[in-house]
Amino acid sequence: MNRDDPAAPATEEEESSPVLADEEEEEERYADDDEAESGDGEGEERNAAADDDEAESEYDDEVDVPLKTLTDDSKAFLAGGNMELMTRRCVILNGLKRDLSPRFASAGSTAGVLRVYTEENPVEGEPPQRQIMLLYRFTRFISSGSGDGVAVRGFRSTKLHEMRFAVPDDGDAAASLRRWAGPALGPLIYPASHACPLEELWARLVSDMRVPPRAWRVYLRADVGILRRGDYTTRRMGRVSYYLGGMTEETWPVSMYHVGMELQLPEPVLRRPCEDEAKGKGKGKEEEDECSVCLEELESGLAKWPGCFQPHVFHGECLELCLKESEKCPICRRRLSAPVDG
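The numbering used here runs 389 ahead of the 1-based position in the sequence shown.
This is the structure:
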C-alpha cells in the first residue's frame, strides 16, 4: 500500500479486520433503518438522510439487469430465455503486469481500492481488439458497537459485477476509463442513493492512471465499501479502507454476478474539412449538424455512439451526461450492450 497517499487508510497497532455482524443485531439495525426512512422528517438522522436524497430504502433502487453473457455459447444461452445470473471464476490475475501500489480513494461515505493489470499481447486466436475488463465489488458496512469499529452488513451486503468495455481501435484505454466507462457504470450498477459519491470515487481512482501504449487489455479489480451514512465518521471510513485493502489480496470469489455485461464504448470523431464545406447544403443538413442533446452546432470534441444503423454524433461532454442516466443512444435508443452486428 502507498502509505503516502492521503486517501490510504491510517494504520493502527493491533488493528483487526471487522467481522460479520450478528444476525440479531442486523435485524435490529434494519428495523431502525426502516423507521428512520419512513418517518415524518423529525430527528437528526432523518434530516441528514433528506439532505443526501436518501429518503428511500438503500436497496429499493437496485434492480437485476438482464445479462449479456460472456461465454462462447452466449447466443444459445440467450435464445433459451434463461436470464439467471451466471457463476464464473476469475483466473485473469496470473501472469499479467500489475500496478504495484493499489490505488486508494474515498468520497463521502464511500471508499475504494483499485488494482490495475495489463496484458501487452493479444490472446492467441482472438482478434486484437482493445478491451477493458472490470471486476467491481460492493461491500456495505455499518458501525460495530459504540466505538469506531465497523462490521460487514450480514444481509445482501456484497454485490459482484463484471463489465467488459470494447475500446475503439483509435481509442486510449486510460482516457476511455475516465471519460466513458465511469459514467456508464452509474445507471448499470450504482445504487441510486449513493450514485453521486460513487461517481466521484471512480473519478479519483482513475484520475492519474496510465496504461502502456502496447497494452491490448486492461484488467481492473475494484473493491468499494459503502458505510451507512448515519454511521459516518472519519475513523470508521479509515477502517473501511483498511478492510478493503485486505480484500484485494484475496482470491476473487466464485459467486453469482449481479450484473455481467459487455459494452461498446463511444468513438471519438474528427470533423473533416469536406464536411465543413458541405455544411448547410442539402435538405435537413442543418439538423444533422446539431447535437441532439444540447441543440448546439457540432464543431469539435465530438463522439459517435457505437453500432447505430446510421452514425449518431454528439458533443463528447453531452454524451458523458447522457451516460450517467442511461446506456441508450439519445436518438435511436440503441444500448451500449447491444451486439455490434445486432
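The C-beta atom is built at its ideal place from N, Cα and C for all residues, glycine as well. All of these numbers come straight from a predicted model, not from anything done at the bench.
TODO: Can you tell me which of the three DSSP states residue 509 falls into?
DONE: Indexing the sequence shown from 1 puts residue 509 at position 120. Of the three classes helix, strand and coil, the one that applies to residue 509 here is coil, per DSSP.
Open item on the list: Is it buried or exposed, residue 624, if we count other Cβ atoms within 10 angstroms and call 16 or more buried?
Closed with: Position 235 of the sequence shown, counted from the first residue, corresponds to residue 624. Classification of residue 624: exposed, given that the 10 Å Cβ count is below 16.
- [ ] Using alpha carbons as the reference points, say which of 717, 538, 658, 715 lies closest to residue 688.
- [x] To locate residue 688, count along the sequence shown from 1; it is residue 299. Distance check between residue 688 and each of 717, 538, 658, 715 places 658 closest, using alpha-carbon atoms only.
TODO: Answer yes if the region 573-581 comes into contact with the region 530-543, meaning at least three C-beta pairs across the two stretches below 8 Å, and no otherwise.
DONE: No, the region 530-543 is not in contact with the region 573-581.
TODO: Compute the Euclidean distance between the alpha carbons of residue 532 and residue 610, then round it to the nearest angstrom.
DONE: Translated into positions along the sequence shown, residue 532 becomes position 143. Translated into positions along the sequence shown, residue 610 becomes position 221. Straight through space, the alpha carbons of residue 610 and residue 532 are spaced by roughly 26 Å.
Open item on the list: Distance check for residue 596 and residue 647, CA to CA, integer angstroms please.
Closed with: By one-based count along the sequence shown, residue 647 stands at place 258. By one-based count along the sequence shown, residue 596 stands at place 207. Distance between the alpha carbons of residue 647 and residue 596 is about 26 Å.
Open item on the list: Could you tell me the alpha carbon to alpha carbon distance between residue 523 and residue 608, rounded to whole angstroms?
Closed with: One-based indexing of the sequence shown puts residue 523 at position 134. One-based indexing of the sequence shown puts residue 608 at position 219. Taking the straight line joining both Cα atoms gives about 6 Å.
Task: Close Cβ partners of residue 504 (< 6 Å) along its chain, the five nearest in sequence each way excluded - done: Sequence index remark: in the sequence shown, residue 504 carries index 115 (1-based). Contacts found: 491, 610, 637.
Open item on the list: If I measure Cβ to Cβ from residue 717 and keep anything under 6 Å in the same chain, skipping five residues before and after, which residues do I get?
Closed with: Taking the first residue of the sequence shown as 1, we reach residue 717 at position 328. 724, listed in sequence order.
Open item on the list: Please report the distance separating the alpha-carbon of residue 509 from that of residue 684.
Closed with: On the sequence shown, residue 509 is found 120 positions in, with the first residue counted as 1. On the sequence shown, residue 684 is found 295 positions in, with the first residue counted as 1. Computed Cα separation, rounded: 41 Å.
TODO: Let me know if residue 699 comes out buried or exposed under the rule of 16 or more other beta-carbons within 10 Å of its beta-carbon.
DONE: For the purposes of this step, residue 699 is identified with residue 310 of the sequence shown, where counting begins at 1. It is exposed - the Cβ of residue 699 has fewer than 16 other Cβ atoms within 10 Å.
Open item on the list: Looking only at its chain, what residues have a beta carbon closer than 6 Å to the beta carbon of residue 713, apart from the 5 residues adjacent to it on each side?
Closed with: Walking along the sequence shown from the start, residue 713 turns up at place 324. Contacts found: 572, 575.
Open item on the list: One question on the structure: do residue 586 and residue 499 come within less than 7 Å of each other, judged by their Cβ atoms?
Closed with: The residue labelled residue 586 in the question sits at position 197 within the sequence shown. The residue labelled residue 499 in the question sits at position 110 within the sequence shown. Result yes, Cβ atoms of residue 586 and residue 499 sit closer than 7 Å.
Task: Beta-carbon contacts of residue 655 that lie in its chain and below 7 Å, excluding the five residues immediately before and after - done: For the purposes of this step, residue 655 is identified with residue 266 of the sequence shown, where counting begins at 1. Cβ contact annotation for residue 655 (same chain, cutoff 7 Å, sequence separation greater than five): 569, 692, 693, 694, 695, 708, in chain order.
Task: DSSP three-state assignment for residue 528, whether helix, strand or coil - done: Here the question's residue 528 lines up with position 139 in the sequence shown. DSSP, read as helix, strand or coil, puts residue 528 in strand.
Open item on the list: I'd like to confirm the pairing. Which residues does DSSP put opposite residue 548 in its beta bridges?
Closed with: By 1-based counting over the sequence shown, the position of residue 548 is 159. When DSSP reads this structure, residue 548 sits in a beta bridge with 527.
Open item on the list: My assumption, with CB atoms under 8 Å, is that residue 620 sits in contact with residue 633. Please give the rounded CB distance.
Closed with: Along the sequence shown, read from residue 1 onward, the residue named residue 620 stands at position 231. Along the sequence shown, read from residue 1 onward, the residue named residue 633 stands at position 244. Not confirmed; about 16 Å, so no contact.
- [ ] Whole angstroms is fine: what's the gap from residue 711's alpha carbon to residue 630's?
- [x] Taking the sequence shown and counting its residues from 1, one reaches residue 711 at position 322. Taking the sequence shown and counting its residues from 1, one reaches residue 630 at position 241. Using only the alpha carbons, I get a separation of about 31 Å.
TODO: Tell me, please, which residues DSSP counts as bridged to residue 503.
DONE: Translated into positions along the sequence shown, residue 503 becomes position 114. Residue 503 pairs with 492, 611.
- [ ] List the DSSP bridge partners of residue 657.
- [x] Translated into the one-based positions of the sequence shown, residue 657 becomes position 268. Under DSSP, the beta-bridge partners assigned to residue 657 are 692.
- [ ] Would you list the residues sitting across from residue 533 in a DSSP beta bridge?
- [x] In the sequence shown, residue 533 corresponds to position 144, counting from 1. Residue pairing of residue 533 in beta bridges, as defined by DSSP: 538.
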